[in-house]
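S.K.: Sharing a structure, written as C-alpha cells. Questions coming.
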Amino acid sequence: MDMSEQEIVAAAEVCEALMEFSREHEDRFLAVCAHVVPYGDAAYGRALAHWRIAGSPKASFFSYAEDEDPCPALLEFRAELTERFGLPILTVDEAEKRKSDFVKEVRDWGTN
C-alpha cells in the first residue's frame, strides 16, 4: 500500500488513539479483538488525511464498502474516534441510509 506522508501521520494518530482506548477500556477491546489484530488505523487514517486536505467537509463520513471486512476495534471505538478526530465512522447500513437520504434531499428540489 502506497501512502503519502500525511496519510501515514493520520494513520499513526488513529493507531495511537486505538491503543489509548484499548488500555482505558480493555474489556471492550478484548471482547472484539481477542483473536484479531486491529487493522483499521490505516484505512481510517487515509480517509482522515484526505478529509483534512479537503477542508473537513461536514457531509463526509468514513465507512467500509459492503464487501469489506470492517475492523472490529475501529467499529467498537467509533464514537470515541469520531469525537477525537471529527470524521464520523458509520457502519455499512448507516452509510447506505445516509447516502439514500442525501440523494432524496438532492432530488427534492421542488418546481422552479
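According to the numbering used here, the sequence shown is numbered sequentially starting from -7. We put the beta carbon where it would ideally sit given N, CA and C, even for glycine.
If glycine 32 sits next to leucine 66, beta carbons under 8 Å apart, how far is it from one beta carbon to the other, in whole angstroms?
M.R.: About 3 Å separates the two Cβ atoms, so the contact holds.
S.K.: How far does the alpha helix (DSSP H) with alanine 26 in it extend, from its first residue to its last?
M.R.: That residue, alanine 26, is in no alpha helix (DSSP H); it is neither H nor E in DSSP.
S.K.: Pick helix, strand or coil for phenylalanine 13, following the three-state DSSP scheme.
M.R.: Three-state result, phenylalanine 13: helix.
S.K.: Provide the residue(s) that pair with phenylalanine 54 in DSSP beta bridges, ordered along the chain.
M.R.: Ile81, per the DSSP bridge assignment.
S.K.: Rounded to a whole number of angstroms, what is the C-alpha to C-alpha distance between aspartate 19 and phenylalanine 94?
M.R.: Rounded to whole angstroms, aspartate 19 to phenylalanine 94 spans 37 Å at the Cα level.
S.K.: Which residues in the same chain as isoleucine 81 place their Cβ atom closer than 8 Å to its Cβ, once the five residues preceding and following it in sequence are excluded?
M.R.: Excluding sequence neighbours, isoleucine 81 sits near Tyr36, Phe53, Phe54, Ser55, Leu66, Leu67, Arg70, Leu73 and Thr74.
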